[in-house]
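Protein chains in written order, with UniProt numbering: chain E, 1 to 438; chain V, 1 to 438.
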């Protein structure tokens with residue numbers, strides 16, 4: 001068997017267990033919550049305008065809009081709005097945002113196909129598994145070169161998750177993978193603009209198309225992971241042995257549970273959570289007294305934080321300098337700080353005093369960010385974080401996700417319906433309840 | 001100004017001249033002819049089935065189908081069918097198929113926007129220019145790594161051509177480029193399957209979306225060719241100076257005229273035209289007498305011919321071994337030889353006697369393919385081609401393109417209407433005539 005055949009065989013035989021399914025339910029709740037939080041984002045309305053000009057059968061719900069669209073359109077818009085505020089889950093092995101792509105794809109497909117709640121949750125587990133494994137197999141150099149894993153790898157994972165959900169044969173899974181691989185795209189240079197969340201929507205849309213092309217028996221070279229010019233050769237280094245990363249240990253444990261999804265408590269990039277945690281331990285300072293701020297990252301873990309000197313709050317989602325400046329001023333880390341408006345002059349002054357460093361550490365050293373303040377009087381203070389809230393060793397609890405949901409929805413009746421529907425999803429014969437509620 | 005700003009400034013100020021416009025008319029005729037030839041391809045009907053499930057406003061014509069669809073859908077299907085038989089134009093500097101992507105995009109946009117015939121033709125000229133320049137700037141290593149330029153570069157060129165056609169500002173052109181660059185995809189490992197022509201359709205669809213996103217003021221990082229993680233860094237080597245390739249000599253001459261589009265006379269990959277030309281000079285042989293066939297290419301010019309041992313005629317479009325075997329048997333090079341059916345046993349036997357070689361030559365040596373036959377009795381015969389019919393130094397004439405059209409349409413009334421409409425296109429106040437005819 002080729003590597004591609006072995007890989008789709010693992011997917012075909014995947015049987016996610018109870019713990020993974022419970023994690024998947026939390027993932028669905030957090031995804032819907034984050035999407036609902038982004039429902040009034042300006043970008044959503046631009047996309048809605050576009051799809052109104054297209055028309056099409058209105059069968060798939062768009063979250064928080066009280067309207068439907070075609071499956072492709074809903075995948076695009078839901079993928080965007082789930083990720084619009086960067087408030088949705090990430091995954092350290094994915095180095096990107098799994099649920100925005102996966103669940104937007106699965107919901108679009110579930111709206112036009114017969115799917116049980118259990119199969120939907122299992123497919124989501126499989127999608128996270130596939131996304132994490134491909135991301136590890138294509139290596140960190142993929143991300144560091146400039147690719148946005150949420151887009152480039154998300155489309156492959158979502159197409160395979162979709163195919164799994166619809167009980168595709170192994171040949172069909174390989175075809176779906178082929179259509180996804182040849183649509184894989186998304187550049188990180190767009191971080192801090194509306195186009196970053198658009199990547200999640202484009203990947204979900206491309207995944208739905210990949211599944212649909214497979215269903216009408218469109219044909220590709222079904223061996224995307226093998227032979228000259230294969231996915232890993234073109235998108236990665238393609239030289240090392242990554243087959244064990246793709247193949248070993250399926251059904252033993254699940255990436256959705258271990259290391260698990262990283263649920264967010266602030267609407268900014270998770271790569272800034274370590275530095276934010278360190279700065280929060282320092283707390284509010286008299287910013288006039290600060291001479292210099294030195295922020296140190298281990299092993300290029302600031303790659304996602306592309307804005308050293310952001311001009312807007314939206315760019316500030318990807319700027320440790322901006323986020324630390326807010327914390328040292330004692331400002332809350334709320335949505336309004338991370339919108340399109342220009343950054344205020346006090347923050348700008350603090351940003352100008354900030355220096356970023358990167359230290360190459362042995363792989364045995366846990367990921368960290370250190371924040372060091374040097375005062376004008378010569379005093380110094382520093383804090384280091386390795387386990388910010390949400391990260392794999394300091395997980396957000398079920399109750400905290402429920403609280404996050406309540407704080408966004410602010411509608412007790414809807415909250416109850418969401419909880420009821422999501423937490424009993426593995427007993428549902430179809431997804432109609434959930435699709436009606438969103 | 002950044003490189004991106006300088007590049008879009010060149011596009012903004014582009015004023016294609018008369019010779020380029022005349023070439024563009026031939027390009028339109030050949031594109032429609034090649035599309036019409038592919039109108040009954042099985043893949044087209046699979047795509048039509050998909051778009052029927054989507055619905056949408058029926059405003060953009062699908063070539064040869066007597067029906068309309070949404071602009072995005074028409075870009076997808078027309079892009080596919082233009083390239084379905086590999087009978088459409090190529091361009092040596094593009095190393096891919098410009099018109100399938102460019103014209104499918106421009107027709108889709110022209111169906112919902114006010115566009116004169118002159119502006120449409122000028123935009124097409126600009127599109128070929130952009131596609132060839134980006135392909136040269138990203139270097140041959142892009143193609144050789146496994147990317148399919150028709151898809152990866154086509155989307156950028158088509159988005160910019162579309163923006164130019166709609167009189168975009170420089171800022172808007174930079175935005176359209178950004179949306180296209182972040183959707184750039186397509187792997188060559190799919191050559192010889194329906195997914196190769198699908199790349200042209202996907203690129204055209206993504207280009208229309210890029211233009212539409214720009215029109216609703218969606219926002220990206222507008223400097224796709226500058227800074228860390230820019231297009232050339234991620235999709236090319238990104239190390240050398242390519243700005244002169246992108247910027248010098250605009251409005252002096254046009255890539256659509258010099259070296260010009262390469263119009264096809266056979267429905268297979270142009271990289272096989274050199275070897276086919278050499279084999280045709282050898283002519284029909286008693287294939288029983290052949291001991292060995294040695295086919296020699298200069299400088300990796302066989303990269304597109306990925307099938308050394310094809311199983312079907314469709315794969316045979318990308319196999320010099322198969323094409324030479326047909327010629328040596330005295331078989332015609334017609335559509336039926338290049339369809340999905342299995343390759344016959346006599347051809348298979350000849351293919352098994354064939355060896356392919358590649359010789360590194362100085363760049364001053366013109367591209368060539370040599371076919372050498374070694375007979376069982378020890379005799380040898382060889383022929384070398386550097387200028388097959390269609391290639392830049394042996395162009396297909398206007399009259400020959402008209403003949404190609406007649407041989408496909410086989411409908412005198414329609415032929416006349418096409419010629420009338422296309423050859424007076426630069427005087428047309430809009431494209432309604434042309435859009436009705438296709």
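Note that CB positions come from ideal geometry on N, CA and C, so glycine has one too.
Under the three-state DSSP convention, the category residue 5 of chain E falls into: In the first chain, counting from the first residue as 1, residue 5 of chain E sits at position 5. Of the three classes helix, strand and coil, the one that applies to residue 5 of chain E here is helix, per DSSP.
Neighbour list for residue 50 of chain E in chain V, Cβ cutoff strictly below 9 Å: Numbered from 1 along the first chain, position 50 holds the residue referred to as residue 50 of chain E. In chain order: 209, 212, 213, 215, 216 and 218.
Supposed close pair residue 124 of chain V, residue 274 of chain V - CB separation, criterion 8 Å: As a position in the second chain, residue 124 of chain V is number 124, starting the count at 1. As a position in the second chain, residue 274 of chain V is number 274, starting the count at 1. So it is not a contact: roughly 27 Å between Cβ atoms.
Cβ neighbours of residue 427 of chain E in the same chain (closer than 6 Å, five flanking residues each side left out): As a working mapping, residue 427 of chain E is identified with position 427 in the first chain. None.
Contacting positions in the segment 45–77 of chain V - beta carbon closer than 7 Å to chain E: 46, 49, 50, 54, 55, 56, 57, 70 and 72
Beta-carbon proximity check, residue 59 of chain E vs residue 70 of chain E, cutoff 8 Å: The residue given as residue 59 of chain E occupies position 59 in the first chain. The residue given as residue 70 of chain E occupies position 70 in the first chain. If you check the CB distance, residue 59 of chain E and residue 70 of chain E come in under 8 Å.
Residue 212 of chain E beta carbon less than 8 Å from that of residue 451 of chain E: Residue 451 of chain E is absent from the structure shown; chain E starts at 1 and stops at 438.
Alpha-carbon to alpha-carbon, residue 278 of chain V and residue 201 of chain E: Mapped onto the first chain, residue 201 of chain E falls at position 201. Mapped onto the second chain, residue 278 of chain V falls at position 278. Roughly 49 Å between the two C-alpha positions.
Chain V contacts from the segment 185–196 of chain E (Cβ-Cβ distance under 7 Å): Residues 185, 186, 187, 188, 189, 190, 193, 194 and 195.
Residue environment, residue 405 of chain E, which counts as buried when at least 16 other CB atoms sit within 10 Å: By one-based count along the first chain, residue 405 of chain E stands at place 405. Result: buried.
Identified DSSP bridge partners for residue 292 of chain V: Looking up residue 292 of chain V in the second chain gives position 292. Paired residues: V/374.
Residue 352 of chain V - containing alpha helix (DSSP H), residue span: Counted from its first residue, the second chain places residue 352 of chain V at position 352. Taken as a continuous stretch (DSSP letters only), the alpha helix (DSSP H) holding residue 352 of chain V covers 345–352.
Positions along the segment 131–148 of chain V whose CB lies within less than 7 Å of some CB in chain E: 145, 146 and 147
Span separating the alpha-carbon of residue 15 of chain V from that of residue 122 of chain V: Your numbering for residue 15 of chain V matches position 15 in the second chain. Your numbering for residue 122 of chain V matches position 122 in the second chain. Going by C-alpha positions, residue 15 of chain V is about 7 Å away from residue 122 of chain V.
CA-to-CA distance, residue 392 of chain E to residue 272 of chain E, given in whole angstroms: Working through the first chain from its first residue, we reach residue 272 of chain E at position 272. Working through the first chain from its first residue, we reach residue 392 of chain E at position 392. Approximately 15 Å between the Cα atoms of the pair.
Proximity test, Cβ basis, 8 Å: residue 364 of chain V and chain E: Here residue 364 of chain V refers to the residue found at position 364 when the second chain is read from its first residue. Output row for residue 364 of chain V: interface = no.
Whole-Å CB distance - residue 85 of chain V paired with residue 332 of chain V, under 8 Å assumed: Here the question's residue 85 of chain V lines up with position 85 in the second chain. Here the question's residue 332 of chain V lines up with position 332 in the second chain. About 15 Å separates the two Cβ atoms, so there is no contact after all.
Per DSSP, cross-strand counterpart(s) of residue 144 of chain V: Numbered from 1 along the second chain, position 144 holds the residue referred to as residue 144 of chain V. Bridge partners of residue 144 of chain V: none, in fact.
8 Å contact criterion, which residue 155 of chain E and residue 207 of chain E should meet: CB distance rounded: Translated into positions along the first chain, residue 155 of chain E becomes position 155. Translated into positions along the first chain, residue 207 of chain E becomes position 207. That pair is a contact at about 5 Å.
Residue 304 of chain E versus residue 43 of chain E - alpha carbon distance: The residue given as residue 304 of chain E occupies position 304 in the first chain. The residue given as residue 43 of chain E occupies position 43 in the first chain. For the pair residue 304 of chain E and residue 43 of chain E, the Cα-to-Cα distance works out to about 21 Å.
Interface partners of residue 439 of chain E on chain V, CB under 7 Å: With chain E represented from 1 up to 438, any question about residue 439 of chain E goes unanswered, as that position is not in the structure.
Residue 334 of chain E, buried or exposed, once every other Cβ within 10 Å from all chains shown has been counted against 16: Residue numbering aside, residue 334 of chain E sits at position 334 when the first chain is read from its first letter. Its Cβ having fewer than 16 others within 10 Å, residue 334 of chain E is exposed.
Interface residues of the segment 228–239 of chain E facing chain V [CB-CB below 8 Å]: Residues 228, 229, 230, 231, 233 and 234.
Minimum C-alpha distance to residue 141 of chain E - residue among E/180, E/326, E/73 and E/233: By one-based count along the first chain, residue 141 of chain E stands at place 141. Taking only the C-alpha atoms, the option nearest residue 141 of chain E is E/233.
Min CB distance residue 199 of chain E to chain V below 8 Å: Your numbering for residue 199 of chain E matches position 199 in the first chain. So yes, residue 199 of chain E belongs to the interface.
CB contact check: residue 358 of chain V to chain E, cutoff 8 Å: Along the second chain, read from residue 1 onward, the residue named residue 358 of chain V stands at position 358. No, residue 358 of chain V lies away from the interface with chain E (no Cβ there is under 8 Å from its Cβ).
Residue 71 of chain E - DSSP class collapsed to helix/strand/coil: Within the first chain, the letter at position 71 stands for residue 71 of chain E. Helix, per DSSP.
Residue 104 of chain E vs residue 177 of chain E beta-carbon contact at 8 Å: By one-based count along the first chain, residue 104 of chain E stands at place 104. By one-based count along the first chain, residue 177 of chain E stands at place 177. Not in contact: residue 104 of chain E and residue 177 of chain E (Cβ atoms no closer than 8 Å).
Which of helix, strand or coil DSSP assigns to residue 138 of chain V: Here residue 138 of chain V refers to the residue found at position 138 when the second chain is read from its first residue. Residue 138 of chain V falls in the helix class under three-state DSSP.
Whole-angstrom C-beta distance between residue 175 of chain E and residue 214 of chain E, which should lie under 8 Å: To locate residue 214 of chain E, count along the first chain from 1; it is residue 214. To locate residue 175 of chain E, count along the first chain from 1; it is residue 175. Right, their Cβ atoms sit about 5 Å apart.
Own chain partners of residue 164 of chain V with C-beta closer than 6 Å, once the 5 adjacent residues on each side are dropped: Position 164 of the second chain, counting from 1, holds the residue named residue 164 of chain V. Within the same chain, residue 164 of chain V has close Cβ partners 11, 123 and 126.
Where the alpha helix (DSSP H) containing residue 54 of chain V begins and where it ends: Position 54 of the second chain, counted from the first residue, corresponds to residue 54 of chain V. It spans 42–54 - the alpha helix (DSSP H) in which residue 54 of chain V sits, taken as one unbroken run.
Cβ separation of residue 198 of chain V and residue 161 of chain V, assumed to be a contact under 8 Å, to the nearest whole Å: Sequence index remark: in the second chain, residue 198 of chain V carries index 198 (1-based). Sequence index remark: in the second chain, residue 161 of chain V carries index 161 (1-based). Contact annotation, residue 198 of chain V with residue 161 of chain V: C-beta distance approximately 20 Å; criterion of less than 8 Å not satisfied.
Listed by chain order, chain V residues near residue 163 of chain E by CB distance under 9 Å: Walking along the first chain from the start, residue 163 of chain E turns up at place 163. Chain order gives no chain V residues near residue 163 of chain E, where near means a beta carbon separation below 9 Å; the closest approach is about 16 Å.
Nearest-angstrom Cβ-Cβ length linking residue 186 of chain E and residue 182 of chain V, presumed shorter than 8 Å: In the first chain, counting from the first residue as 1, residue 186 of chain E sits at position 186. In the second chain, counting from the first residue as 1, residue 182 of chain V sits at position 182. The Cβ separation is near 6 Å, so the contact holds.
Separation of residue 91 of chain E from residue 97 of chain E, as counted between CA atoms: Against the first chain, residue 97 of chain E aligns to sequence position 97. Against the first chain, residue 91 of chain E aligns to sequence position 91. About 6 Å.
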